[in-house]
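In the numbering used here, the protein residues as written are 164 to 378.
A short write-up of the structure that comes next.
Structure (structure tokens):
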């Protein structure tokens, strides 16, 4: 069980995951103090692949299921209370007469939703919920308490239930530049000199640096 001692404490996700179906990049963190829940069995829900579920059954080998993955990029911020719903409970079929997951037919009712992806530099606000199989784009922000039911474009702020676009963080040209720069994929020693620009500069400043020093 992951324990958080104060609201300011965060933990790098790659250091606390054990599930082989979860991938996490560099410097992405989880802040779980106010809920004090385990990342793999609290924040992430209904995901086969942890030690307990692996000891109980193997849906891949036993039932031929394609089990969805959770893929997290670099520098992702996940706040306390966030819920990432995964595909382990995708056995409730609205097209059937009953949505009940009968043990006798459960092997045939599972429908994968696809991998859930949280791209680099995204921020998931407190108590946000992600439905299975969606992609949160680079630099996107999900407002606190939102329920995200579809993909979020890069550098877009969404909020509400269901979450809808509030605004773009930057102009279309700047977003194109940021997706070309992809500073979050640079080696850390290349990021550190431009931290003042990343934290308090303009996209054009960073783009000029990228053209001169990185590209």
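C-beta atoms are modelled at their ideal positions from N, C-alpha and C, and glycine is treated no differently.
To which residues does DSSP link residue i through a beta bridge?
i: residue 330; result: 320
i: residue 379; result: No statement about residue 379 is possible, as the shown extent of the chain runs from 164 to 378 and does not include it.
i: residue 174; result: 193
i: residue 293; result: 247 and 311
i: residue 235; result: 187 and 281
i: residue 426; result: A question about residue 426 goes unanswered here, because the residues of the chain that appear run from 164 up to 378.
i: residue 241; result: 193 and 287
Please return the same chain residues whose Cβ sits closer than 8 Å to the Cβ of residue i, not counting the five positions on each side in sequence.
i: residue 192; result: 173, 174, 175, 176, 239, 240 and 241
i: residue 166; result: 199
i: residue 183; result: 212
i: residue 361; result: 346, 354 and 369
i: residue 321; result: 303, 304, 305, 306, 309, 311, 315, 327, 328 and 329
i: residue 214; result: 181
i: residue 372; result: 357 and 360
i: residue 259; result: 272
Going by the CB atoms, is the gap between residue j and residue i shorter than 7 Å?
i: residue 201; j: residue 244; result: no
i: residue 278; j: residue 297; result: no
i: residue 249; j: residue 210; result: yes
i: residue 288; j: residue 237; result: no
i: residue 292; j: residue 246; result: yes
i: residue 170; j: residue 196; result: yes
i: residue 275; j: residue 300; result: no
i: residue 234; j: residue 203; result: no
Check for me: the beta strand (DSSP E) holding residue i runs from which residue to which?
i: residue 280; result: 279-281
i: residue 187; result: 185-187
Excluding five sequence neighbours on each side, which residues of the same chain lie with their C-beta closer than 7 Å to the C-beta of residue i?
i: residue 370; result: 340 and 344
i: residue 342; result: 301 and 317
At a cut-off of 6 Å, would you count residue i as near the ligand SAH, judging by its Cβ distance to the nearest heavy atom?
i: residue 292; result: The ligand SAH is not part of this structure, which contains no ligands at all.
Below 6 Å CB to CB, which residues in the same chain sit around residue i once its five sequence neighbours on both sides are set aside?
i: residue 232; result: 184 and 278
i: residue 337; result: 366
i: residue 256; result: 272
i: residue 178; result: none
i: residue 380; result: Absent from the model: residue 380. The displayed extent of the chain is 164 to 378, so no value can be given.
I need the boundaries of the alpha helix (DSSP H) containing residue i, first residue and last residue.
i: residue 342; result: 335-344
i: residue 370; result: 366-372
i: residue 214; result: 214-219
i: residue 271; result: 269-272
i: residue 354; result: 351-354
i: residue 359; result: 358-363
**Asked** Is it a yes or a no for the region 257-265 touching the region 283-299, going by three-plus beta-carbon pairs under 8 Å?
**Response** The region 257-265 vs the region 283-299: no contact.
**Asked** Counting pairs of Cβ atoms below 8 Å between the region 290-310 and the region 319-338, do you hit three or more?
**Response** Contact between the region 290-310 and the region 319-338 is present, because at least three Cβ pairs lie under 8 Å.
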